[in-house]
Amino acid sequence: MTTTHGGVAEIDYAAMIRALNQVHYAGETSFYNAAPLRPCEEALYHRLGAGARILDVGCGAGRVTQAITVLGGDIVGVDINEAALAVARAACPNGTFVHGTMNALPLPADTFDQVWCLRFSFNALATEAERVEALHEMWRVCAPGGTVLVETFNWHYAGRLGLVRIANLLDLAARAARWRGQRRTGSRPLPARDIIYLANKTSGAAPGYAHLTTAHELYLLAATCGIRQYATVTSEEGVLSAPAPPVRGRHRRYSMWLVLRKPGKRS
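The numbers in the sequence shown follow full-length UniProt numbering, run straight up by one, and end at 267.
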């Protein structure tokens, strides 16, 4: 039986968002192929021991995979978007890029010391079922003693003068009002905390989709996967600390990082 997600059949909604994302990310490849590592990403790489194996989940046009490869790192990029992967392979012929989805990674278990899902790739997953599957898959391919890092957009981000937070709440209220005005005979345009945004990286690119997460939601996803005891939701600054300090429930910064530390001894 097909479940519903905000009034939309979940399987249909997921397929619709995947199609939108394919066009959106293909249109932004020129930006992400040329963009450098951020300071936090450089710091994450340089604190790793020699020979650490890294998986870049949702690698897109290869921004992170390409940069780490040039630095001499052992990294594999995986993405669903074949157009983005073609750009990545052309720009970094020595890199390793794999076509596959986040929720069915075509890679063996217990392989990578670090599994990175950076720059909000996780927010492109449209349904809870996909998010649970993706988290389970990242945990599966992470080696014992390794770490999974998932960077996500934050629903409680306020923005300058609180304008982003106000806009998101007004949009949510407008959807509810429209639904009531239709006497609840139609479905909401989008489920709560899902947004469609205008592309701002490359002129002419199609709009993008994001599901805005909360710290509570990330912990619930980890609990559903049976790995809540290994999970911490932290900030960008916190992810570089050991141990990572957890954020408060209504963390106000732009992003959050779900840190999963897999028990066991590294090979």
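All C-beta atoms, glycine included, are put in the ideal place defined by N, C-alpha and C.
Remember, predicted model here, so these are calculated numbers, not experimental data.
_Val64 versus Arg131: straight-line alpha-carbon distance, rounded_ = On the sequence shown, residue 64 is found 64 positions in, with the first residue counted as 1. On the sequence shown, residue 131 is found 131 positions in, with the first residue counted as 1. Straight-line Cα distance between these residues: approximately 22 Å.
*asked:* Here's a check: name, in chain order, each residue in its chain whose Cβ is nearer than 6 Å to the Cβ of Thr214, leaving out the five neighbours to either side.
replied: Walking along the sequence shown from the start, residue 214 turns up at place 214. Counting only Cβ-Cβ distances below 6 Å, and skipping sequence neighbours, we find Trp155.
*So, is Val115 buried or exposed, given that buried needs 16 or more other C-beta atoms within 10 angstroms?*
What you label residue 115 is simply residue 115 of the sequence shown in a count that begins at 1. Classification for Val115: buried.
*Taking Thr29 as the reference, which of Cys59, Asn123 and Glu41 has the closest Cα?*
The sequence position of residue 29 within the sequence shown is 29, counting from 1. For Thr29, the nearest C-alpha among the options comes from Cys59.
*Can you give me the start and stop residues for the alpha helix (DSSP H) that Cys59 sits inside?*
As a working note, residue 59 is residue 59 in the sequence shown. Unbroken run through Cys59: none, as it is neither H nor E.
*So who's on the other strand from Gln114, going by DSSP bridges?*
Counted from its first residue, the sequence shown places residue 114 at position 114. According to DSSP, Gln114 bridges with Ile54 and Thr147.
*Can you check DSSP and say which residues form a bridge with Met138?*
If you number the sequence shown from 1, residue 138 lands on position 138. According to DSSP, Met138 bridges with nothing at all.
*Near Pro245, what residues of its chain come up, given a Cβ to Cβ distance below 7 Å and the 5 sequence neighbours on each side ignored?*
Position 245 of the sequence shown, counted from the start, is the residue given in the question as residue 245. Counting only Cβ-Cβ distances below 7 Å, and skipping sequence neighbours, we find Thr234 and Gly238.
_Buried or exposed (CB count within 10 angstroms, at least 16 for buried), Arg53_ = Counting from one through the sequence shown, the residue named residue 53 turns up at place 53. With 16 or more Cβ atoms within 10 Å of its Cβ, Arg53 is classed as buried.
*Taking Cβ to Cβ, would you say Gln66 is nearer than 9 Å to Gly95?*
Taking the first residue of the sequence shown as position 1, residue 66 is located at position 66. Taking the first residue of the sequence shown as position 1, residue 95 is located at position 95. For Gln66 and Gly95, yes; Cβs fall inside 9 Å.
_Would Ser91 and Gln22 qualify as a contact pair, given that the criterion is a beta-carbon distance under 9 Å?_
Translated into the one-based positions of the sequence shown, residue 91 becomes position 91. Translated into the one-based positions of the sequence shown, residue 22 becomes position 22. Residue 91 is actually Ala in this sequence, not Ser. No, they are not a contact pair.
*Would the beta-carbon of Ile68 fall within 9 Å of that of Leu37?*
Mapped onto the sequence shown, residue 68 falls at position 68. Mapped onto the sequence shown, residue 37 falls at position 37. The Cβ atoms of Ile68 and Leu37 lie closer than 9 Å to each other.
*Pull up the distance between the alpha-carbon of Val98 and that of Glu151, whole angstroms please.*
On the sequence shown, position 98 is the one that residue 98 refers to. On the sequence shown, position 151 is the one that residue 151 refers to. For Val98 and Glu151, the distance between alpha carbons rounds to 21 Å.
*By DSSP, does Met256 sit in helix, in strand, or in coil?*
Reading the sequence shown from its first residue, position 256 is the one you call residue 256. DSSP places Met256 in strand when its eight states are reduced to three.
*In angstroms, rounded to a whole number, what distance separates the CA positions of Gly7 and Gly159?*
As a working mapping, residue 7 is identified with position 7 in the sequence shown. As a working mapping, residue 159 is identified with position 159 in the sequence shown. Unreliable placement is indicated for Gly7, whose pLDDT of 49 sits below 50; no coordinate value is reported for it.
*With which residues is Val233 paired in a DSSP beta bridge?*
Here residue 233 refers to the residue found at position 233 when the sequence shown is read from its first residue. Paired residue(s): Leu258.
*Would you identify the three-state DSSP class for Gly154, choosing helix, strand or coil?*
Translated into the one-based positions of the sequence shown, residue 154 becomes position 154. Note that residue 154 is Asn in the sequence shown, not Gly. Strand at Asn154.
*asked:* Tell me the DSSP secondary structure of Arg18 in three-state form.
replied: As a working note, residue 18 is residue 18 in the sequence shown. DSSP places Arg18 in helix when its eight states are reduced to three.
*Tell me, to the nearest whole angstrom, how far the beta carbon of Tyr219 is from that of Pro263; I am working on the premise that it is less than 8 Å.*
For the purposes of this step, residue 219 is identified with residue 219 of the sequence shown, where counting begins at 1. For the purposes of this step, residue 263 is identified with residue 263 of the sequence shown, where counting begins at 1. Tyr219 to Pro263, Cβ: 18 Å. No contact.
*Expected contact under 8 Å - CB spacing of Tyr61 and Ala88 to nearest Å*: Against the sequence shown, residue 61 aligns to sequence position 61. Against the sequence shown, residue 88 aligns to sequence position 88. Tyr is not the amino acid found at residue 61; the sequence shown has Ala there. The Cβ separation is near 5 Å, so the contact holds.
*In whole angstroms, what separates the C-alpha of Tyr25 from that of Pro106?*
Mapped onto the sequence shown, residue 25 falls at position 25. Mapped onto the sequence shown, residue 106 falls at position 106. Those two C-alpha atoms are separated by around 21 Å.
*By the 10 Å Cβ neighbour count, where 16 or more other Cβ atoms means buried, how is Ser121 classified, buried or exposed?*
In the sequence shown, residue 121 corresponds to position 121, counting from 1. It counts as buried.
*Return helix, strand or coil for Gly7, following the three-state DSSP convention.*
One-based indexing of the sequence shown puts residue 7 at position 7. The pLDDT assigned to Gly7 is 49, lower than 50, so where the model puts this residue is not dependable; a value taken from the coordinates is nonetheless given after this. Looking at Gly7 - three-state DSSP - the assignment turns out to be coil, as it is neither helix nor strand.
*asked:* Give me, in chain order, the residues of the same chain whose beta-carbon lies closer than 7 Å to that of Thr202; leave out the 5 immediate sequence neighbours on both sides.
replied: Against the sequence shown, residue 202 aligns to sequence position 202. Closer than 7 Å at Cβ, skipping near neighbours: Gly27, Glu28, Ser30 and Phe31.
*Could you pull out every residue in the same chain whose Cβ sits closer than 6 Å to the Cβ of Thr147, ignoring the five residues on either side in sequence?*
Position 147 of the sequence shown holds residue 147. Hits under 6 Å: Gln114 and Arg261.
*asked:* Assuming contact is defined by CB atoms lying nearer than 9 Å, are Leu135 and Leu212 in contact in what I supplied?
replied: As a working mapping, residue 135 is identified with position 135 in the sequence shown. As a working mapping, residue 212 is identified with position 212 in the sequence shown. Contact: no.
*Taking DSSP as the reference, what is the three-state secondary structure of Gly208?*
Taking the sequence shown and counting its residues from 1, one reaches residue 208 at position 208. The answer is strand: DSSP assigns Gly208 an E or B state.
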